[in-house]
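Trainee:
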Amino acid sequence: MEKHDFNPESLMMTYGYKPELSEGAIKCPIFQTSTFVFKTAEEGKAFFELAYGLREKSPKEELGLIYSRINNPNLEILENRLCLWDKADDCAVFESGMSAISTVLLEFLKPGDLLVYSNPLYGGTDHFIQHFLDKIGVHTIGVMPNQSIKEVTQMIEDSGKADKLAMIYLETPANPTNDIVDIDGFGNIAKTYSTEDKKVLVAVDNTYMGPLWQHPLQCGADLVLYSATKYIGGHSDLIAGAVLGNAELMIRVKTLRTFLGNMVSPHTAWLMLRSLETLKVRMDQQTQNAQIVAEYLKDHPKVNKVHYLGLLKEGTEAFAIYKKQCSAPGAMVSFDIVGGEKEAFTFLNNLKLMKLAVSLGSTESLAEHPKTMTHAGVDELQRKEMKITDQLVRLSIGVESAKDLIWDLDQALEKVEVPAQAIVEKS
Numbered sequence: 044m045e046k047h048d049f050n051p052e053s054l055m056m057t058y059g060y061k062p063e064l065s066e067g068a069i070k071c072p073i074f075q076t077s078t079f080v081f082k083t084a085e086e087g088k089a090f091f092e093l094a095y096g097l098r099e100k101s102p103k104e105e106l107g108l109i110y111s112r113i114n115n116p117n118l119e120i121l122e123n124r125l126c127l128w129d130k131a132d133d134c135a136v137f138e139s140g141m142s143a144i145s146t147v148l149l150e151f152l153k154p155g156d157l158l159v160y161s162n163p164l165y166g167g168t169d170h171f172i173q174h175f176l177d178k179i180g181v182h183t184i185g186v187m188p189n190q191s192i193k194e195v196t197q198m199i200e201d202s203g204k205a206d207k208l209a210m211i212y213l214e215t216p217a218n219p220t221n222d223i224v225d226i227d228g229f230g231n232i233a234k235t236y237s238t239e240d241k242k243v244l245v246a247v248d249n250t251y252m253g254p255l256w257q258h259p260l261q262c263g264a265d266l267v268l269y270s271a272t273k274y275i276g277g278h279s280d281l282i283a284g285a286v287l288g289n290a291e292l293m294i295r296v297k298t299l300r301t302f303l304g305n306m307v308s309p310h311t312a313w314l315m316l317r318s319l320e321t322l323k324v325r326m327d328q329q330t331q332n333a334q335i336v337a338e339y340l341k342d343h344p345k346v347n348k349v350h351y352l353g354l355l356k357e358g359t360e361a362f363a364i365y366k367k368q369c370s371a372p373g374a375m376v377s378f379d380i381v382g383g384e385k386e387a388f389t390f391l392n393n394l395k396l397m398k399l400a401v402s403l404g405s406t407e408s409l410a411e412h413p414k415t416m417t418h419a420g421v422d423e424l425q426r427k428e429m430k431i432t433d434q435l436v437r438l439s440i441g442v443e444s445a446k447d448l449i450w451d452l453d454q455a456l457e458k459v460e461v462p463a464q465a466i467v468e469k470s
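So in the working numbering, spot 136 of the sequence shown is number 179, and the numbers just go up one at a time.
1) Quick check: the Cα distance between E271 and P462, rounded to an integer number of angstroms?
2) Where do the ends of the beta strand (DSSP E) carrying N347 lie?
3) Would you kindly report the start and end of the unbroken alpha helix (DSSP H) that includes R112?
4) Whole angstroms are fine: how far does the CA of A233 sit from the CA of M44?
5) Tell me whether F390 is buried or exposed, calling it buried when 16 or more other Cβ atoms sit within 10 Å of its Cβ.
6) Sorted by chain position, which residues of the same chain lie with C-beta nearer than 8 Å to A465's C-beta, five sequence neighbours on each side aside?
7) Mark N115 as exposed unless 16 or more other C-beta atoms lie within 10 angstroms of its C-beta, in which case mark it buried.
8) Tell me R492's beta-bridge partners as DSSP assigns them.
9) Relative to the C-alpha of K178, which residue among Y160, T220, D156 is closest?
10) Helix or strand or just coil, what does DSSP make of Y269?
11) To which residues does DSSP link I184 through a beta bridge?
12) Just mark A68 as buried or exposed, buried being the case when its beta carbon has 16 or more other beta carbons within 10 Å.
13) Between S370, K130, L340, L176, which lies nearest to V267 when the distance is taken from Cα to Cα?
14) Let me know if N221 comes out buried or exposed under the rule of 16 or more other beta-carbons within 10 Å of its beta-carbon.
15) Spell out whether any CB of chain D is found under 8 Å from the CB atom of D201.
16) So, helix, strand or coil for Y212, using DSSP?
17) Return the Cβ separation of Y251 and N218 in integer angstroms, given the expectation that the two are a contact with Cβ distance under 8 Å.
18) Is the separation between the beta-carbon of Y58 and that of N123 shorter than 8 Å?
19) Within 8 Å, do at least three Cβ pairs link the region 281-288 to the region 85-102?
20) Along the beta strand (DSSP E) that carries F49, what are the first and last residues, could you check?
21) Whole angstroms are fine: how far does the CA of V296 sit from the CA of Q334?
22) In chain order, what residues of the same chain lie with their CB nearer than 8 Å to the CB of I73, ignoring the 5 residues before and after it?
23) For F137, write down the residues that DSSP places opposite it in a beta bridge.
24) Keeping to the same chain, check which residues put their C-beta closer than 7 Å to that of K414; ignore five residues upstream and five downstream.
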């Protein structure tokens, strides 16, 4: 058979799994075991030498199975398959998105270092940066939406800590406003401040776009992070995180993971293997639905503004960045309702099909109020600057019938009472 370059979605059913090693089972079993038997003491010694970095791997040598805190067949097959989407050397899967994020920040930052990060961020990430990194002496600079690369560079210079810059951490598109960040532009800042002795890393939280619609490693990032709970898991039945990058960086990530003990369980890994088989068909349907929803909301008189990549105007800088680094507008839609918290809550409380819950990227559509829910812990002044207001509602669009979603949005918005003079006239 001629060699063929298969697409990732075609390999999600079989890649990395050998049925002959599991009694011929067509699907990978759950390896619900804490430890693994060595054939000989010499084999055990060799495995531990690699696991603890006591020697380099010889050609074609692989780390054998030792203990499920270090490795497990479900974990390894899952990580191998995730690498296909982002074309990464290696992947590490964690027990939550925050485990993945905190492990990366702890491994690559030390007291005295400078971290530059984009805003808005997921609320948990924001809290970790503001309250934990600050406590251990890591200096930070938060970049607000629409600040130029030139302005960011000046902020770094003005900090007096330019020589301490260690990492640029981006979340793009941003949660919950869909603000988009130029990964390549920030990559150029990282190159400017890198030296022969120290490389400034660029890490990108790609949760909003999943592994399908944006590939940060191909845009100049060094590490890509996911809350795998979202599109990768995709069914609201697991919690997980993932980090991908080149082999050298991933050795460091996996080593710290081993000693923090925050790897994903065999059962959760097995659930994600199932989810990966339908990832593309789910995400394709979700972005199709989201585009219909965004178009509907754009023209609704009780909606002030819709925040969605598919509605970016040609000729703007944001549109140029979007076209450069994204293959689709995604399935996250935020909008400013006419009024404030009362009107937003009335809308949320009257949804019938869509569920009022946090999280995103699953088969069911979800709705929430970022200011009082996912981003309640973010500083009030920062929230205001980032336009996370009383008016803002966030929608995660699922795989339901688009007609049914529109019906649900329409009847919920109908319940919202606003003064006639506040109704937005659409041109």
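Heads up, the beta-carbon is just placed ideally off N, CA and C, and yes, glycines get one too.
Bear in mind the structure is a predicted one, so any value in this text is a computation, not a measurement.
Mentor: Short version:
1) Per the sequence presented here, residue 271 reads as Ala, with Glu not at that position. If you take the alpha carbons of A271 and P462, they lie about 42 Å apart.
2) 346-350
3) No alpha helix (DSSP H) contains R112, which DSSP labels as neither H nor E.
4) In this prediction, M44 has a pLDDT of 47, which is less than 50 and means its spatial position is unreliable; what the coordinates show is noted afterwards. When rounded, the distance between both Cα atoms is 45 Å.
5) buried
6) V381, G382
7) In summary, N115 is buried, with 16 or more beta-carbon neighbours lying within 10 Å of its beta-carbon over all protein chains present.
8) Absent from the structure is residue 492, since the part of the chain shown begins at 44 and ends at 470.
9) D156
10) Of the three classes helix, strand and coil, the one that applies to Y269 here is strand, per DSSP.
11) V159
12) exposed
13) K130
14) buried
15) Although the question refers to chain D, the structure presented lacks it and comprises just one protein chain.
16) If DSSP states are grouped into helix, strand and coil, Y212 belongs with the strands.
17) 6 Å
18) yes
19) no
20) No beta strand (DSSP E) contains F49, which DSSP labels as neither H nor E.
21) For Q334 and V296, the distance between alpha carbons rounds to 37 Å.
22) N117, P309, H310, W313
23) G284, M306
24) Setting aside the 5 residues that flank it on each side, K414 is surrounded in the same chain by R426, I431, T432, D433, L435, each with a C-beta closer than 7 Å to its C-beta; the list follows chain order.
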